[in-house]
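Asks: Pasting a structure here, questions to come.
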Amino acid sequence: MLRFCFGCICLVIGSMIFSPLALAGEDEIYEKCKNHPRGPWCYQETVEQLDEPALCENILKYWPKANGVHGWCYYQLALKNKDCTLCDFIQKADIKKMCKLDVCK
């Protein structure tokens, strides 16, 4: 029983140490763009090419003040896919309004 508890403790401690390291390297787009001079825009352009709207949320995760880039990411994909529902995810009011006018006709 002592051996089992020791194994559990090692597993928990190991996951606490290595989990953040694994999570940091999971987003290949971020790894590519994090040191780019236009990091958030690099990320947005890649997400647009991949046509993956859910990844737009990561812009604010990695660059919390980049809400304009975040909005532009959703706007471009909403326009491209003619998907008015993507406008609802935009936080920046002027981009959201433009999205609703251009996409939700």
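Numbering (the working numbering), first residue to last: 17 to 121. Just so it is clear, CB atoms sit at the ideal spot from N, CA and C, and this is done for glycine as well.
1. Give a yes or no on whether the C-beta atoms belonging to leucine 102 and proline 69 are separated by under 8 angstroms.
2. Can you tell me where the alpha helix (DSSP H) holding lysine 86 begins and where it ends?
3. Are asparagine 83 and glutamine 107 closer than 8 angstroms when you measure CB to CB?
4. Can you tell me whether histidine 52 is buried or exposed, with buried defined as 16 or more other CB within 10 angstroms of its CB?
5. Buried or exposed: where does alanine 38 fall if 16 or more other Cβ atoms within 10 Å of its Cβ makes it buried?
Replies: The short version:
1. Cβ atoms of leucine 102 and proline 69: closer than 8 angstroms.
2. Checking the sequence, you will find histidine at residue 86 rather than lysine. Taken as a continuous stretch (DSSP letters only), the alpha helix (DSSP H) holding histidine 86 covers 83-97.
3. For asparagine 83 and glutamine 107, yes; Cβs fall inside 8 angstroms.
4. Burial call: exposed.
5. With a pLDDT of only 40 at alanine 38, under the threshold of 50, the placement of this residue in the model should not be trusted; the figure read from the coordinates follows. The residue in question, alanine 38, is exposed, as its Cβ has fewer than 16 Cβ neighbours within 10 Å.
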